[in-house]
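To get the numbering used here, take the position in the sequence shown, counting from 1, and add 733.
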Amino acid sequence: MTVEELKQPVLEEPPFRRKSSSAVSSFYQQLSIRIDTPVRNMSISPSGRDIVLASRVGLYILDLETPYKPPRVIHHYSRWDVADVMWNPHNSRDTWIVSTANQKTLVWNVASSAPRSIEYVLHGHSRAITDVSWSPIDPQLLGTSSIDTFVHIWDLRTPSKPSQSFCAWTAGATQIDFNPNNEYMIASSHETELNIWDCRARTEPVIKFSPQNNRIFGINWNTHNPKEILTCGLDKTVKIWNIDDPSVCRGTITTNSPIRRARFTPFGDGIITMPQRGDPSLYMWSRSDLSKPVCKFEGHTDTIREFVWRIRGDTMGDKETFQDFREFQLVSWSNDQHLRLWPIDDPNFVVSKRC
734 MTVEELKQPV LEEPPFRRKS SSAVSSFYQQ LSIRIDTPVR NMSISPSGRD IVLASRVGLY
794 ILDLETPYKP PRVIHHYSRW DVADVMWNPH NSRDTWIVST ANQKTLVWNV ASSAPRSIEY
854 VLHGHSRAIT DVSWSPIDPQ LLGTSSIDTF VHIWDLRTPS KPSQSFCAWT AGATQIDFNP
914 NNEYMIASSH ETELNIWDCR ARTEPVIKFS PQNNRIFGIN WNTHNPKEIL TCGLDKTVKI
974 WNIDDPSVCR GTITTNSPIR RARFTPFGDG IITMPQRGDP SLYMWSRSDL SKPVCKFEGH
1034 TDTIREFVWR IRGDTMGDKE TFQDFREFQL VSWSNDQHLR LWPIDDPNFV VSKRC
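Rendered as structure tokens:
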């Protein structure tokens, strides 16, 4: 990317509000896009149209329907690496993006031009922030975790201080995740411990246990089961738990590398794993057989930093008449400075060839 491209003017209309002019949508193509900037984190807009990449320079917003055009750049120079970035998942707040700057949380409004693009700067942590997460239920709620052992919940209607705070005391928090089916339930990881907090009980975690034999890197609630959560970490495993009885592991994936991130797929009964180092591939697993992956996404040449899902279509019916008309594409970002798009031909795990 040239200096001239980085200095391009701010677009009059956010790219995620524009209509596609492409004859063949990138949604159905397997692509690799090089972006020459030291980006550490990535997130996707609620429409699935745009990707945000975060670095010390600011935000890069790439329209996935014109992926080879230079991204829009919103400059904000920082001495600190970005620990995490997340686009607000609600259509009612589709211009809000949250990122980190050491102990500060930045809430961006990408409909505004710099320097007014940062709408809120949230102060509450005494040490570096490790993770941020928007509530999947309330578009105004945001969670942050930090090395200072605290988990803060922020209500952006009153952003001057956290609306709630939880403290593990024993170890710094590495990740936070809102339960998508229970507005009061939040999970946070602290070294080898997993804490489940109830926002109606302000003091101690309602559930506390040690799911991994070593440090936890990632946690993820199952969107289809409000009681189910997975953990992954340094011990090279992914483990599935039901919080009603956390003494019993409901499933284990054993790999050859530490697992930085593992998440349930938005379709079927699957899991995606992302190694922390040593293996620049993503793996898809079926809950029906966790002994081996059903699909390997390979092509990156360096460690993968993040993956997200593009989703099109909708679902219909209730539990008895449920029909799923959605289509899916996996998007990954790597230290090799390539963004890769992977269309999912069959989301029901009928995999006849390597992805």
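Even glycine gets a Cβ: it sits at the ideal position worked out from N, Cα and C.
- A Cβ-Cβ separation of about 5 Å places isoleucine 909 in contact with serine 921 under the 8 Å criterion.
- For glutamate 916 against isoleucine 870, the beta-carbon gap comes to about 5 Å, under 8 Å, which counts as contact.
- Taking a 10 Å sphere around the C-beta of asparagine 953, we find 16 or more other C-beta atoms and assign the residue as buried.
- Distance check between tryptophan 974 and each of Cys932, Thr985 and Val790 places Thr985 closest, using alpha-carbon atoms only.
- A direct Cα-Cα distance of roughly 10 Å separates glutamine 945 from leucine 963.
- DSSP places arginine 812 outside both helix and strand once states are collapsed to three, so it counts as coil.
- Around the Cβ of arginine 993, a 10 Å sphere holds 16 or more other Cβ atoms; the residue is buried.
- Judged by their CB atoms, arginine 860 and serine 832 are not nearer to each other than the 8 Å cut-off.
- Two segments are said to touch when three or more pairs of C-beta atoms, one from each, lie closer than 8 Å; by this definition the stretch 1055 to 1066 touches the stretch 1027 to 1045.
- Burial of glutamate 1039 is indicated by the presence of at least 16 other C-beta atoms within 10 angstroms of its C-beta.
- The beta carbon of cysteine 900 lies closer than 8 Å to those of Thr882, Phe883 and Val884 in the same chain, with the five residues before and after it left out.
- Around the Cβ of cysteine 982, a 10 Å sphere holds fewer than 16 other Cβ atoms; the residue is exposed.
- Phenylalanine 1058 carries a coil assignment under DSSP once its states are collapsed to helix, strand and coil.
- Scanning its chain for C-beta atoms nearer than 8 Å, with the 5 sequence neighbours on each side dropped, one finds around tryptophan 887 the residues Thr838, Leu855, Gly857, Leu874, Leu875, Gly876, Thr877, Pro895 and Ser896, in chain order.
- Remark: C-beta atoms of leucine 792 and isoleucine 807 approach each other more closely than 8 Å.
- With contacts defined as CB atoms closer than 8 Å, serine 788 and methionine 819 fail to qualify as a contacting pair.
- The C-alpha of threonine 925 lies about 10 Å from the C-alpha of threonine 907.
- Rounded to whole angstroms, glutamine 1070 and glycine 1046 show a C-alpha spacing of 30 Å.
- Judged by DSSP in its simplified three-state form, arginine 996 adopts strand.
- The beta carbon of proline 991 is closer than 6 Å to those of Leu967, Lys969 and Gln1009 in its chain, skipping five residues each way along the sequence.
- DSSP lists Tyr793 as the bridge partner or partners of valine 806.
- With a threshold of 16 other beta carbon atoms within 10 Å, tyrosine 1016 meets it and is buried.
- Look at tyrosine 853 here: in three-state DSSP terms it is strand.
- Inter-residue distance for asparagine 928 and serine 943 is about 9 Å (C-alpha atoms, whole angstroms).
- About 6 Å separates the beta carbons of valine 843 and serine 850, which is inside the 8 Å limit, making them a contact pair.
- Excluding the 5 residues flanking it on each side, aspartate 864 has same chain C-beta neighbours closer than 6 Å at Asp817, Ser878, Gln908 and Ile909, in chain order.
- Counting only runs that start and end inside the stretch 1005 to 1070, the beta strand (DSSP E) elements of at least 3 residues fall at 1015 to 1019, 1028 to 1030, 1037 to 1045 and 1060 to 1067.
- For aspartate 1078 and serine 758, the gap between their C-alpha atoms comes out near 15 Å.
- Excluding its 5 nearest sequence neighbours in each direction, glycine 1011 has C-beta neighbours in its own chain below 6 Å: Ser990, listed in chain order.
- With fewer than 16 other CB atoms across the displayed protein chains lying within 10 angstroms of its CB, alanine 934 is exposed.
- Straight across, the Cα-Cα distance linking proline 771 with leucine 1072 is about 13 Å.
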